[in-house]
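Quick note on numbering: UniProt numbering labels position 13 of the sequence shown as 13, and the sequence is numbered without any gaps.
C-beta atoms are modelled at their ideal positions from N, C-alpha and C, and glycine is treated no differently.
Every value quoted in this text rests on a predicted model; they were computed, and no experiment measured them.
To keep things clear, I will list the structure first and then write my remarks on it.
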Amino acid sequence: MPAQTVLVVDDEPLIRMTLADALVDEGFDVLEASNVLEAVAVFGMRHIDFLVTDVDMPGALDGFDLVRFVRVHGRHVVVVVTSGGSVPGEGVHEPDETFIAKPYRLKGVIDKLKAAAMQRRDFGLAM
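As structure tokens, this is what we get:
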């Protein structure tokens with residue numbers, strides 16, 4: 001089975017790159033974006049299986065806006081929302097959406113994505 005693709009969206013470069021490197025080490029293909037507009041552009045060009053997004057980012061759009069964009073455009077993407085301050089309200093409510101508070105352990109995010117990948121495989125969902 002081909003590697004699954006994760007889009008990591010965080011405006012903090014160290015956090016984004018650290019998570020991206022850890023996911024590559026676990027066998028995922030990883031794409032990065034530093035804000036919502038970059039992430040939307042990536043979604044327009046690539047197939048994404050998993051989205052890990054921070055909530056608070058510079059600009060008018062935040063991580064919850066990105067999650068809504070993904071859902072409106074009919075993408076079945078497993079979503080992990082992270083934040084050091086904002087807590088989810090209506091933005092995170094689907095069965096395949098999870099909130100993880102910052103600071104988080106890399107292993108926690110990786111384990112969540114691996115479990116979701118296994119569940120998708122078990123149910124025969126296309127990647």
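Inset, instruction - Report the partner residues of Thr82 according to the DSSP bridge assignment. - result: Working through the sequence shown from its first residue, we reach residue 82 at position 82. Per DSSP, Asp54 and Ile100.
Legend entry - Nearest-angstrom Cα separation, counted from Thr5 out to Arg46: The residue you call residue 46 lines up with position 46 of the sequence shown. The residue you call residue 5 lines up with position 5 of the sequence shown. Approximately 9 angstroms, taken between the alpha carbons.
Legend entry - Extent of the continuous beta strand (DSSP E) run through Ala60: For this step, residue 60 is matched to residue 60 along the sequence shown. Premise fails: Ala60 is in no beta strand (DSSP E) and is neither H nor E.
Legend entry - Rounded Cβ spacing between Val40 and Phe69 (contact assumed at less than 8 angstroms): For the purposes of this step, residue 40 is identified with residue 40 of the sequence shown, where counting begins at 1. For the purposes of this step, residue 69 is identified with residue 69 of the sequence shown, where counting begins at 1. Val40 to Phe69, Cβ: 6 angstroms. Contact.
Legend entry - Assumed close pair Val42, Leu7 - CB separation to whole angstroms, cut-off 8 angstroms: The residue labelled residue 42 in the question sits at position 42 within the sequence shown. The residue labelled residue 7 in the question sits at position 7 within the sequence shown. About 6 angstroms; that satisfies the 8 angstroms criterion.
Legend entry - Straight-line Cα distance separating Val80 from Phe99: Reading the sequence shown from its first residue, position 99 is the one you call residue 99. Reading the sequence shown from its first residue, position 80 is the one you call residue 80. For Phe99 and Val80, the distance between alpha carbons rounds to 6 angstroms.
Legend entry - Proximity of Val24 and Val52 at Cβ, strictly below 9 angstroms: Residue 24 sits at position 24 when you count from the first residue of the sequence shown. Residue 52 sits at position 52 when you count from the first residue of the sequence shown. In this structure, Val52 does not lie closer than 9 angstroms to Val24 by Cβ.
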